[in-house]
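Novice:
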Amino acid sequence: MITAERTPLSLQEQRVQPKLSRFIRRNPTMVGGMVLFSLMVLMAVGAPYWGTVDPLELNPIERLRVPSMLHWFGTDMLGRDLYSRTVYGSRVSLCVGVCVATLSMSIGLTIGLVSGYQRRLDVIVMRVMDGLMAIPAILLAIALMALVSASVQNVIIALTIPEIPRVVRVVRAVVLSLREQAYIEAARATGAKLLRIWVRHIMPNTVAPLLVQGTYICASAVIVEAYLSFLGAGTPPEISSWGNIMAEGRAYVRIAFWILLFPGLCLAATVLAINMIGDGLRDTLDPKLARRI
Amino acid sequence: MYAYLLRRILATIPVMLVVALFVFTLLHLSPGDPAAVIAGDYASPTDIARIRHTLGLDNPLYVQLGIWLWNVVHGDLGTSIHSGAPVLKLLGQRLEPTLALSATTMGIAVLLAVPMGIVAAWTAGTWIDRLVMVFAILGFSLPVFWLGFLFMYGFSIRLELLPVQGYVSFTQGFLPFVRHLILPSITLGMVYMALITRMTRASMLEVLREDYIRTAHAKGLKPRTVLLLHALKNASLPIVTIIGVGVALLIGGVAVTESVFAIPGLGRLTVDAILHRDYPVIQGIILVFSGVYVLINLLVDMVYTCLDPRIRY
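Sequences listed follow chains A and B, in order. Residue numbering for the first sequence follows the numbering used here, starting at 159 and increasing by one per position. Residue numbering for the second sequence follows the numbering used here, starting at 283 and increasing by one per position.
#1: Counting contacts by CB-CB distance shorter than 9 Å, is ALA555(B) in contact with chain A?
#2: Going by DSSP in three states, THR328(B) sits in which element: helix, strand or coil?
#3: Nearest by alpha-carbon distance to ILE567(B): which of PRO296(B), VAL301(B), ALA544(B) is it?
#4: Select from the stretch 525-543 of chain B all residues with a C-beta closer than 7 Å to any C-beta belonging to chain A, and list them in chain order.
#5: Can you pull out the residues from the stretch 309-321 of chain B whose beta carbon lies closer than 9 Å to at least one beta carbon of chain A?
#6: Look at the alpha carbon of PRO225(A) and the alpha carbon of ARG184(A), and state the distance between them as a whole number of angstroms.
#7: Between ILE451(A) and chain B, is the shortest Cβ-Cβ distance under 9 Å, so that the two count as touching?
#8: Please go through the stretch 286-331 of chain B and give each complete alpha helix (DSSP H) segment of 4 or more residues, from N-terminal end onward.
#9: Which chain A residues sit within Cβ distance under 8 Å of ARG559(B)?
#10: So if I threshold CB-CB distances at 8 Å, which residues from the stretch 402-418 of chain A count as touching chain B?
#11: Name the chain A residues that come within less than 8 Å of PHE304(B), Cβ to Cβ?
#12: Could you name the residues of chain B that MET192(A) contacts, counting a contact when the two beta carbons are closer than 7 Å?
#13: Which residue's Cα is closest to the Cα of ILE400(B): LEU487(B), GLY528(B), ILE419(B), ASP323(B)?
#14: Cα separation between MET159(A) and PRO186(A)?
#15: Within 8 Å, do at least three Cβ pairs link the stretch 320-336 of chain A to the stretch 295-302 of chain A?
#16: Note down the Cα distance separating ALA295(B) from ARG327(A), rounded to an integer number of angstroms.
#17: With a cut-off of 9 Å, does the C-beta of ASN217(A) fall near any C-beta of chain B?
#18: Residues of chain B with CB under 7 Å from ILE296(A), in chain order?
#19: Can you tell me where the alpha helix (DSSP H) holding ALA403(B) begins and where it ends?
#20: Bridge partners of THR539(B), per DSSP?
#21: Using a threshold of 9 Å, state whether the C-beta atoms of MET201(A) and SER248(A) are closer than that.
#22: Would DSSP call ASP212(A) helix, strand or coil?
#23: So, at 6 Å on beta carbons, what are the nonlocal neighbours of MET481(B) in its own chain, with the 5 sequence-adjacent residues on each side left out?
#24: Per DSSP, which residues does ASP239(A) bridge with? Please list them.
#25: Sorted by chain position, which residues of the same chain lie with C-beta nearer than 6 Å to PHE452(B)'s C-beta, five sequence neighbours on each side aside?
#26: To the nearest angstrom, report how far apart PHE571(B) and ALA331(A) are at their CA atoms.
#27: What residues from the stretch 238-272 of chain A come within 7 Å of chain B, judged by C-beta to C-beta, listed N to C?
#28: Using 10 angstroms around the beta-carbon of GLY596(B), count the other beta-carbons present and answer buried if the total reaches 16, otherwise exposed.
#29: Just mark GLN276(A) as buried or exposed, buried being the case when its beta carbon has 16 or more other beta carbons within 10 Å.
#30: For HIS512(B), which residues in the same chain have their Cβ closer than 7 Å to its Cβ, ignoring the five residues on either side in sequence?
#31: Could you tell me which of VAL211(A), LEU271(A), VAL254(A), GLY232(A) sits nearest to ASN363(A), measuring between CA atoms?
#32: Helix or strand or just coil, what does DSSP make of THR408(B)?
#33: Looking at the structure shown, is THR318(A) part of a helix, part of a strand, or coil, going by DSSP?
#34: Output needed in chain order: residues of the stretch 354-388 of chain A with a Cβ under 7 Å from some Cβ in chain B.
#35: Just to make sure I have the definition right: I need the residues of chain B whose C-beta is within less than 9 Å of the C-beta of LEU430(A). Which are they?
#36: Roughly how many angstroms lie between the CA atoms of GLN339(A) and ALA350(A), to the nearest whole one?
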């Protein structure tokens, strides 16, 4: 009896093992990206537990110290521990990246669905989207940040608005190609309501391109947030973000290059991880597009 | 074809109108009264009212929009709140460094990225291809300003090979002009190069699978002839498209690169305008940059017909 129970389990185990290794072998880019991104998430979530001190604690006697066993990444011009600041900075970057991707996908999905179905509205919506896309994303975000006070929420909003048109275009293209399909017409003929058609038949088809687009939006948001902070139009200086740390350290590039080096490395690693996940997802979910790009 | 070109040119008008509307709304959403800012701290309410009247701010919104659009079409982008100079004049003063930086970057990027993409496609699956793809994905991921400081620290501060910061006009000597542009151009060009390399490789891979390429090889043509004459010409449309689309990345990167290398161009003007909350200047910059972006993509569409005679509109 015991043997009979254990046999299927061990078979399943045997099946799972090659599946996992096959997945890793077939998607090295995505797996690599996921491992790197998980490390970054762990760093952000467990920031207080990774041997950090208060990232805002000033210690003028210890200012501009080179990386050592005491201060792994050195200290900045105010004596703050750069390792702690960099670890805490990951929270801002990841929060901005994930929030911008989620918000722009949700809003873009809604507008794209409605626009793809309402022809009259579509003309107006798409002209507005074309106009917004004509403004380079960073400039648009800078202009929006110039209107409001510096805060993480405002950065998220300022970065979400330029990304919405890109999502709308992707969703609208899917909706337009599906709208005339026989199964959608059949659903309509059986009396299915528009909302049901959207949720049951259209939205599942947008998942793959949206996921791919979402990862690229996330990567772009992480990097543009750093740009905005670096230019003085992003998160307020009292918040430790990678862009802020590097903006403050730029004046010390000759004598304390480490202030720029470590946050920059973490920023690059995070963006690289998200891009690798995006590339991997694209190859898996949309092989046709993968061959083209 | 002329009908298509006319339609394409006309299609840019609503796009630019949306941009203009956005820019106009931006001024009206901006906190504070521009008249009060111009009048200064010690102005009386009468003075402020007079300035409001002079600027036309007491008119209804649609009248203000009409007047503003009329002025924009006639080249009047308003006056800077911070310096009091006309915005168009300020933009003109800062144009040369930005033009020089953008042109050099585009030149370097296209000259390096297209051959890299071709070689990667030709050697697909080998270590050369993988190396090029690693470069392409890194190019997307490395922050422009960080890369700029890295280059500056290595080549200028440590090795003392190139100037650390600043800009020298070509009228003051060609060599100093080039020396000051090398690091900023390479820094700014990394993302652009990554984008073009990826697209060139993908486009070439697609074309290299075609039957006519096999036929060309079978005819005994030299590999170089097949690659450059038969494959590249047919793969060029997506490459040209991405060069046009990538201009948006370039424009965004200009503000950051100019800030890192202390180049007194339009990008620096943007950063200064944000710090001073100089909305008319921000408006002018967005209008000009968006106009350039739309114009370049219009040109790209026109180039299609020259590159591929099969395209008939």
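For glycine and all other residues, C-beta sits at the position ideal for the given N, C-alpha and C. Computed from a prediction, not measured in an experiment: that's the story for all the values here.
Specialist: The relevant details are as follows:
#1: Stepping through the second sequence from its first residue, residue 555(B) is reached at position 273. At least one chain A Cβ lies under 9 Å of ALA555(B).
#2: Reading the second sequence from its first residue, position 46 is the one you call residue 328(B). Looking at THR328(B) - three-state DSSP - the assignment turns out to be helix.
#3: As a working mapping, residue 567(B) is identified with position 285 in the second sequence. Measuring from the Cα of ILE567(B), the nearest candidate turns out to be VAL301(B).
#4: ALA530, ILE533, GLY534, ALA537, VAL538, SER541
#5: LEU311, SER312, PRO313
#6: In the first sequence, residue 225(A) corresponds to position 67, counting from 1. In the first sequence, residue 184(A) corresponds to position 26, counting from 1. Answer to the nearest angstrom: the Cα atoms are 39 Å apart.
#7: Numbered from its first residue, the first sequence carries residue 451(A) at position 293. Unreliable positioning characterises ILE451(A) in this predicted model, as indicated by a pLDDT of 48, which lies under 50. A coordinate reading is not provided.
#8: 316-321
#9: On the second sequence, residue 559(B) is found 277 positions in, with the first residue counted as 1. Those within 8 Å of ARG559(B) in chain A are ALA304.
#10: MET404, ARG408, VAL411, ARG412, PHE415, LEU418
#11: Along the second sequence, one-based indexing puts residue 304(B) at 22. Result: GLY289, LEU290, ILE293.
#12: Position 34 of the first sequence, counted from the start, is the residue given in the question as residue 192(A). Neighbours of MET192(A) on chain B: none; closest Cβ ~15 Å, over 7 Å.
#13: For the purposes of this step, residue 400(B) is identified with residue 118 of the second sequence, where counting begins at 1. It is LEU487(B) whose Cα lies nearest to the Cα of ILE400(B).
#14: As a first step, residue 159(A) must be located in the first sequence, where it is residue number 1. As a first step, residue 186(A) must be located in the first sequence, where it is residue number 28. Residue placement at MET159(A) is flagged as unreliable, the pLDDT there being 41, under the threshold of 50; the coordinate-derived value follows with that caveat. So the two alpha carbons sit approximately 41 Å from each other.
#15: yes
#16: In the second sequence, the residue the question calls residue 295(B) occupies position 13. In the first sequence, the residue the question calls residue 327(A) occupies position 169. Note on identity: in this sequence residue 295(B) is Ile, with Ala being the wrong assignment. If you take the alpha carbons of ILE295(B) and ARG327(A), they lie about 20 Å apart.
#17: The residue given as residue 217(A) occupies position 59 in the first sequence. Answer no: the Cβ-Cβ gap between ASN217(A) and chain B never drops below 9 Å.
#18: For the purposes of this step, residue 296(A) is identified with residue 138 of the first sequence, where counting begins at 1. Here the neighbours are GLY534, ALA537.
#19: Along the second sequence, one-based indexing puts residue 403(B) at 121. Looking at the DSSP string, the run of the alpha helix (DSSP H) that includes ALA403(B) is 369-404.
#20: For this step, residue 539(B) is matched to residue 257 along the second sequence. DSSP output for THR539(B) lists no bridge partner at all.
#21: The sequence position of residue 201(A) within the first sequence is 43, counting from 1. The sequence position of residue 248(A) within the first sequence is 90, counting from 1. Yes. Within cutoff.
#22: In the first sequence, residue 212(A) corresponds to position 54, counting from 1. Three-state result, ASP212(A): coil.
#23: As a first step, residue 481(B) is located in the second sequence; it is residue number 199 there, counting from the start. Same-chain partners within the cutoff: PRO520, ILE521, ILE524.
#24: For the purposes of this step, residue 239(A) is taken as residue 81 along the first sequence, with counting starting at 1. Paired residues: THR233(A).
#25: To locate residue 452(B), count along the second sequence from 1; it is residue 170. Around PHE452(B): PHE459.
#26: Translated into positions along the second sequence, residue 571(B) becomes position 289. Translated into positions along the first sequence, residue 331(A) becomes position 173. C-alpha separation (whole angstroms): 28 Å.
#27: none
#28: This structure gives no information on residue 596(B), because the portion of chain B shown stretches from 283 to 595.
#29: Indexing the first sequence from 1 puts residue 276(A) at position 118. GLN276(A) is exposed by the Cβ-count criterion.
#30: For the purposes of this step, residue 512(B) is taken as residue 230 along the second sequence, with counting starting at 1. Hits under 7 Å: TYR494, ILE495, ALA498.
#31: For the purposes of this step, residue 363(A) is taken as residue 205 along the first sequence, with counting starting at 1. Ranking VAL211(A), LEU271(A), VAL254(A), GLY232(A) by Cα distance to ASN363(A) puts LEU271(A) first.
#32: Translated into positions along the second sequence, residue 408(B) becomes position 126. The answer is coil: DSSP assigns THR408(B) none of H, G, I, E or B.
#33: Residue numbering aside, residue 318(A) sits at position 160 when the first sequence is read from its first letter. Residue state, collapsed to three classes: helix.
#34: ILE381, ALA384, TYR385, PHE388
#35: The residue you call residue 430(A) lines up with position 272 of the first sequence. Near LEU430(A) (Cβ distances below 9 Å), the residues of chain B are ILE419, LEU420, PHE422, SER423, LEU424.
#36: In the first sequence, counting from the first residue as 1, residue 339(A) sits at position 181. In the first sequence, counting from the first residue as 1, residue 350(A) sits at position 192. The straight-line gap from Cα to Cα measures roughly 15 Å.
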